[in-house]
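A quick write-up on the structure given underneath.
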Ligand code: UDP
Ligand code: MN
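Below you can see the structure in the form of structure tokens.
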């Protein structure tokens with residue numbers, strides 16, 4: 160049976176029927192690493208306002224989120240909890256009056272704010288922030304569970320430096336079993352993004368690792384659902400881009416803004432909050448499917464400087480509507496923010512940039528057939544096979560944009576920096592995208608600029624388009640100098656034979 164047929168999944172993307180059978184005040188145990196400090200906090204830590212925004216959340220899941228805050232936040236650190244109903248639909252009558260009745264029993268700190276029209280996450284959060292009173296704003300998705308001691312380590316970071324924005328370590332609550340596994344012994348991951356301007360998790364670097372498993376760690380970006388920020392700093396920094404709609408892109412926008420305009424973004428491993436990760440996001444977009452892309456174009460236009468061209472090359476959408484960004488550009492001027500080049504060189508050094516530090520990039524075209532190497536949209540999700548094909552050259556970048564890197568790899572940047580990889584050295588072998596491992600091996604290529612051959616080094620076979628038509632898988636065959644084995648990159652930065660000297 161496909162998971163889609165399990166009741167609750169269609170509506171919420173998680174097993175809401177099971178979720179409803181679990182106590183709203185269940186004990187999840189202490190999820191922190193034993194080395195995390197227990198007590199000894201400054202006595203005048205700032206008070207937090209917790210802001211939960213939801214659109215059609217399951218009532219029990221929402222209640223469990225609220226209770227986890229009430230049960231596991233020291234009263235002196237909790238100013239209020241604002242539950243913002245972003246105009247949930249009639250299909251969910253239980254998050255209307257029944258929620259009000261439950262909240263009335265929780266004491267005065269919990270307040271429900273109902274928006275009379277669908278406003279989207281960004282506006283809903285701002286409404287919640289305006290209604291709240293604490294010195295620190297903590298934004299949480301409405302399907303979370305705070306673990307013991309979550310608040311103090313976050314508040315302490317902000318207390319020491321109000322321009323530090325903090326994310327808890329986001330643990331995974333399982334969508335099928337509602338389990339909250341203990342991950343304290345595992346090293347945390349931090350935030351990056353790929354060139355579609357979508358968040359991704361990346362490992363800490365060696366310097367960070369040396370700081371130890373409980374140390375707060377700088378992170379280039381935030382996932383978006385869970386973070387704390389000093390109220391005054393949030394407003395000084397220009398809150399959110401209110402012309403972004405519904406959901407998406409706002410997490411990278413505020414991340415870039417924090418770093419580039421003089422702040423700092425961190426993940427605090429001793430603050431642990433579980434988030435119910437869904438199998439599929441049920442958020443509806445009243446304006447249609449372009450909403451997230453439009454938000455992302457706004458982000459690129461305001462913050463990326465010339466780097467925005469890489470985004471358009473790889474993701475497409477150049478020339479499409481993104482509204483008016485002049486107010487946000489003014490904000491950037493007014494705050495005297497640094498440029499994106501600084502961000503890439505100083506904060507997100509892991510980013511692979513498709514610039515002239517590579518040997519070649521763009522489309523990889525076989526002139527005889529006018530077929531181009533194409534990811535055939537197989538990199539769009541994390542599932543399924545990642546075979547590599549060809550398609551008629553369309554000159555639009557996107558699925559046909561690759562780099563021939565300084566490490567002699569052929570890399571697709573649309574998702575997780577996938578490298579063209581093959582472990583089958585027999586003639587006629589097909590290829591696969593595989594996460595780049597920087598070890599050469601089956602990901603090592605050479606490009607002979609004179610003969611235009613693209614050679615897979617370990618098998619010594621040539622990339623071959625002979626006899627192929629659009630959507631076919633591309634092959635590796637013994638090099639024979641034939642026309643099917645000639646390839647052209649749209650941009651070549653090196654005239655040399657791009658040959659890694661291997662034994
Ligand atoms: N949300 C909202 N209004 C919207 C879209 C989302 O209030 O128009 C809420 C949603 O209910 C959730 C939070 O914003 O509490 C984050 O969305 P979601 O959990 O879908 O994002 P994900 O965790 O899947 O990235
Ligand atoms: Mn969420």
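Residue numbers (my numbering): 160 to 662.
Cβ atoms here follow ideal geometry from the backbone N, Cα and C, with glycine treated the same way.
Consider the C-beta atom of residue 212 and the heavy atoms of the ligand UDP; say whether any pair is separated by less than 7 Å.
Working through the chain shown from its first residue, we reach residue 212 at position 53. Yes, the Cβ of residue 212 comes within 7 Å of a heavy atom of the ligand UDP.
Which same chain residues end up closer than 7 Å to residue 611 when comparing Cβ atoms and leaving out the 5 residues on each side of it in sequence?
Here residue 611 is taken as the residue at index 452 of the chain shown, counted from 1. Cβ within range, chain order: 645, 646 and 647.
Is there contact here, the region 273-285 with the region 238-246, by at least three beta-carbon pairs under 8 Å?
Yes: at least three Cβ pairs fall under 8 Å.
In this structure, does DSSP put residue 521 in helix, strand or coil?
Indexing the chain shown from 1 puts residue 521 at position 362. Strand.
Relative to the alpha-carbon of residue 225, which residue among 236, 196 and 210 has its alpha-carbon at the smallest distance?
The residue given as residue 225 occupies position 66 in the chain shown. Cα-wise, what sits closest to residue 225 is 210.
Report back the beta-carbon spacing between residue 655 and residue 608 to the nearest angstrom; my notes put them in contact at under 8 Å.
As a first step, residue 655 must be located in the chain shown, where it is residue number 496. As a first step, residue 608 must be located in the chain shown, where it is residue number 449. Confirmed, about 7 Å.
Relative to the C-alpha of residue 329, which candidate in 320, 322 and 309 has its C-alpha closest?
Reading the chain shown from its first residue, position 170 is the one you call residue 329. When each option's Cα is compared against that of residue 329, the closest is 309.
What does DSSP give as the partner residues of residue 550 in its beta bridges?
Translated into positions along the chain shown, residue 550 becomes position 391. Its beta-bridge partners are 531.
Mind listing, in chain order, the residues whose beta carbon lies closer than 5 Å to a non-hydrogen atom of the ligand MN?
The filter returns 300 and 384, in chain order.
If you drop the 5 nearest sequence neighbours on each side, which residues of the same chain put their C-beta closer than 6 Å to that of residue 194?
Position 35 of the chain shown, counting from 1, holds the residue named residue 194. Excluding positions up to five away in sequence, the list reads 373.
Whole angstroms are fine: how far does the CA of residue 440 sit from the CA of residue 379?
The residue given as residue 379 occupies position 220 in the chain shown. The residue given as residue 440 occupies position 281 in the chain shown. Each residue's Cα considered, the two are about 24 Å apart.
For residue 326 and residue 386, I'd like the C-alpha separation in whole angstroms.
Within the chain shown, numbered from 1, the residue matching residue 326 stands at position 167. Within the chain shown, numbered from 1, the residue matching residue 386 stands at position 227. Cα-Cα distance, rounded: 4 Å.
Just the Cα atoms here: how many angstroms apart are residue 389 and residue 317?
Counting from one through the chain shown, the residue named residue 389 turns up at place 230. Counting from one through the chain shown, the residue named residue 317 turns up at place 158. Answer to the nearest angstrom: the Cα atoms are 7 Å apart.
Kindly examine the ligand UDP and report whether one of its heavy atoms sits closer than 7 Å to the Cβ of residue 599.
Residue mapping note: residue 599 aligns to position 440 of the chain shown, counting from 1. Outside the cutoff, so no.
According to DSSP, is residue 251 helix, strand or coil?
Within the chain shown, numbered from 1, the residue matching residue 251 stands at position 92. Note: residue 251 maps to coil in three-state DSSP.
To which residues of the same chain is residue 534 closer than 6 Å at the C-beta, ignoring the five residues directly before and after it?
Taking the chain shown and counting its residues from 1, the one referred to as residue 534 is at position 375. 558 and 571.
With a threshold of 7 Å (Cβ to nearest heavy atom), would residue 273 be considered close to the ligand UDP?
Start at 1 with the first residue of the chain shown, and residue 273 comes out as number 114. No, Cβ of residue 273 sits at least 7 Å from all heavy atoms of the ligand UDP.
What are the boundary residues of the alpha helix (DSSP H) that residue 486 is part of?
Looking up residue 486 in the chain shown gives position 327. Residue 486 -> alpha helix (DSSP H) spans 485-493.
Could you tell me which residues DSSP puts in a beta bridge with residue 327?
Taking the first residue of the chain shown as 1, we reach residue 327 at position 168. In the DSSP output, where bridge partners are listed per residue, residue 327 has 427.
Kindly indicate which three-state DSSP category residue 637 falls into: helix, strand or coil?
One-based indexing of the chain shown puts residue 637 at position 478. Of the three classes helix, strand and coil, the one that applies to residue 637 here is strand, per DSSP.
What is the C-beta distance between residue 324 and residue 476, in whole angstroms, given that I count them as a contact (C-beta under 8 Å)?
If you number the chain shown from 1, residue 324 lands on position 165. If you number the chain shown from 1, residue 476 lands on position 317. Their Cβ separation, rounded to whole angstroms, is 29 Å, which puts residue 324 and residue 476 out of contact at 8 Å.
Considering only residues of the same chain and omitting the five flanking positions on each side of residue 663, which have a CB-CB separation below 8 Å?
No answer is possible for residue 663: it lies beyond the span of the chain, which begins at 160 and ends at 662.
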